[in-house]
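One structure below.
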Amino acid sequence: MSEAVRIRKNSVYSALSISSRLIANVFVFWIIARYYGPEIFGQFKSAQVLATNFIILADFGFDILLTTEVARNRINAVHLFRQFYSLKLMFSLFTFIAMWMLSLFGNFSQETQALIQVLSFYTVFTTLTNYLFALYKGFEKLEYETKVSLIINVGLILIVLPLIFLKVDVLIIALVFVATRFIGFIVAVVYSYKLIPNLSFKLLFEGFNDIKNKVFVFGFFLLFNNLFFQLDTILLSLWKGDKTVGVYQAAFMLIMLPLVIPDIFINTLMPLLSRLNIENPLQWKKVGYLMNKILIAIVLPISIILFVYAEQIIKIIYGMKNYSETIPVLRIFALTLFVRFSLESYALMLTTSQRQKIRLYTVIAATLLNFVLNYFLIPIYGAYGAAIVSLITNLFVGIIYYTTNFGLVTEYLFNVKTLTFLLISFVIASMFWLVKSINLFITVPFVGLTFILIIYYFFFTKDEKELIFSKDFRLMFVKK
4 MSEAVRIRKN SVYSALSISS RLIANVFVFW IIARYYGPEI FGQFKSAQVL
54 ATNFIILADF GFDILLTTEV ARNRINAVHL FRQFYSLKLM FSLFTFIAMW
104 MLSLFGNFSQ ETQALIQVLS FYTVFTTLTN YLFALYKGFE KLEYETKVSL
154 IINVGLILIV LPLIFLKVDV LIIALVFVAT RFIGFIVAVV YSYKLIPNLS
204 FKLLFEGFND IKNKVFVFGF FLLFNNLFFQ LDTILLSLWK GDKTVGVYQA
254 AFMLIMLPLV IPDIFINTLM PLLSRLNIEN PLQWKKVGYL MNKILIAIVL
304 PISIILFVYA EQIIKIIYGM KNYSETIPVL RIFALTLFVR FSLESYALML
354 TTSQRQKIRL YTVIAATLLN FVLNYFLIPI YGAYGAAIVS LITNLFVGII
404 YYTTNFGLVT EYLFNVKTLT FLLISFVIAS MFWLVKSINL FITVPFVGLT
454 FILIIYYFFF TKDEKELIFS KDFRLMFVKK
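The numbering of the sequence shown is the numbering used here, which starts it at 4 and goes up by one.
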């Protein structure tokens with residue numbers, strides 16, 4: 004199979020995997036928020052966000068490390084798998100125990116405590132399944148991940164939605180989350196043997212000294228990279244209660260769907276960029292450039308719509324009765340969304356050029372900054388204060404990534420076309436803000452059409468459009 008076909012194929016599979024996972028979770032949480040109200044929704048999200056952070060702790064960089072190492076050395080895939088899996092299993096058991104200890108001794112409500120205990124099993128099954136996904140990615144066989152993801156997420160929707168409409172106890176819904184993850188793990192094991200028939204799950208603890216530096220860098224990075232973006236929810240749960248978490252997470256869930264887009268790029272391009280950085284740095288640079296430009300083109304209209312029509316969006320999805328406080332939070336998150344998109348390509352370039360330590364130190368500092376600012380703002384401003392802190396923290400991370408990639412930034416961002424596009428976007432946002440009271444179903448199509456025309460006829464050059472729409476994706480690597 005040619006590289007062009009493989010990239011295109013894996014892009015589709017990556018989109019299906021990530022989209023199915025995110026759509027299933029976001030859709031389920033939207034329904035819970037609307038039918039159960041902000042307090043119960045806040046309880047569930049407090050437990051789920053905590054579980055997500057413990058999943059990152061259990062992963063501890065083994066997933067990314069397995070993907071990148073297998074991509075570079077597929078002959079030793081079985082040895083690498085066993086070596087990392089042994090440590091991964093230990094971390095998974097540790098996080099399971101830690102979640103139970105935190106639920107028993109943390110300052111959580113009784114309902115949240117019970118949900119944390121149930122979702123501790125969800126954490127174990129999810130992290131072990133993710134490890135098998137990392138193996139698939141190392142071989143650039145993303146179709147296996149897609150099949151498992153669809154089984155998990157379609158199953159979740161089909162089982163959970165009727166239960167939500169029947170208003171069953173939210174603990175039952177948490178148990179369904181656990182059951183679907185367990186089934187997904189079993190199926191993932193079956194596919195792993197299809198990929199490598201002689202694969203072994205026997206523990207292997209030798210050679211840790213050779214990989215410990217890489218493990219710690221990736222592990223602490225993933226932990227703090229997730230924590231600085233999710234810490235707000237945990238602190239809100241501890242300091243302001245479940246209802247405030249519900250108000251905050253109602254807005255947060257609305258930006259989760261757009262965030263699937265950079266995840267698709269990262270999921271698809273990380274193995275490729277890791278290889279290109281060694282084999283052909285020029286190609287590595289060109290792939291990153293196009294990724295950055297596409298992400299900027301996508302995020303601007305989405306951020307403008309979320310910011311301008313926040314009130315109407317909240318009213319349609321959640322209702323104004325319980326979620327009026329979510330409106331200003333969503334507007335702040337619309338800005339945060341733009342910041343996240345604009346820094347993702349530079350972050351990936353750091354990772355694939357083996358400068359992961361820069362990202363590690365950055366997210367550790369960002370987490371500390373997030374905690375300190377939240378300490379002062381959450382008690383006074385609640386969910387809105389947490390949203391402000393999230394924006395400030397992401398801006399801080401963006402500044403560091405831009406500074407450490409300054410050579411790329413000058414080419415990717417500081418050019419007349421990109422800066423003009425940003426200025427035009429600001430003007431468009433200002434115009435639609437003046438008519439924000441008009442029904443969004445009337446105005447949003449005009450926003451979308453306006454951006455499509457500008458992006459197609461102005462933002463992308465003729466050569467870039469050929470790269471994007473060409474049947475031979477390899478043109479990306481040879482055209483300027």
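Virtual Cβ for every residue (Gly too), placed ideally from N, Cα, C. Only a predicted model underlies this, so the values are computations on that prediction, with no experimental measurement involved.
Query, Result
"Span of the alpha helix (DSSP H) around Gln252", "245-259"
"Cβ contact check for the segment 14-33 and the segment 144-159: 3 or more pairs under 8 Å", "yes"
"Whole runs of the beta strand (DSSP E) within the segment 159-245, excluding any shorter than 3 residues", "none"
"Proximity below 9 Å, CB of Ile269 to CB of Arg75", "no"
"Extent of the continuous alpha helix (DSSP H) to which Val392 belongs", "359-407"
"Under 9 Å between C-beta atoms of Ser112 and Gln51", "no"
"Pairwise C-alpha distance: Phe223 and Gln359", "11 Å"
"Closest by C-alpha distance to Lys243, when choosing among Leu346, Gly322, Asn377", "Asn377"
"Gly410 classed as buried or exposed, judged by whether at least 16 other C-beta atoms fall within 10 angstroms", "exposed"
"Inter-residue Cα distance where the pair is Arg85 and Tyr134", "11 Å"
"Exposure of Trp436, with buried meaning 16 or more beta-carbon neighbours within 10 Å", "exposed"
"Local conformation of Val31 per DSSP, three classes", "helix"
"Supposed contact pair Val121 and Phe99 - C-beta distance, whole angstroms, cut 8 Å", "Contact flag wrong, Cβ pair sits at about 12 Å."
"Nearest-angstrom beta carbon gap, Arg362 and Ala350 [assumed within contact, 8 Å]", "6 Å"
"Alpha helix (DSSP H) runs contained entirely in the segment 305-354, provided each spans 4 or more residues", "313-320, 323-326"
"Per-residue DSSP class, three states only, for Gly64", "coil"
"Distance, Gln252 Cα to Gly322 Cα", "15 Å"
"Proximity winner among Lys296, Gln357, Val151, Val332, relative to Glu347 (alpha-carbon distances)", "Lys296"
"Integer Cβ distance of Ser203 from Val73, believed to fall under 8 Å", "In fact, because the Cβ distance is near 15 Å, the residues do not count as touching under 8 Å."
"Near the ligand FAD: Tyr405 beta-carbon under 8 Å from a heavy atom", "Summarising the ligand content, the structure contains no ligands, and the ligand FAD is consequently not present."
"6 Å CB neighbourhood of Lys197 in its chain, flanking five on each side removed", "none"
"Contacting residues, own chain, Cβ-Cβ under 8 Å from Arg24 (five flanking each side not counted)", "Ser152, Ile155, Asn156"
"Span of the alpha helix (DSSP H) around Ser106", "80-108"
"Helix, strand or coil at Ser428 [DSSP, three-state]", "helix"
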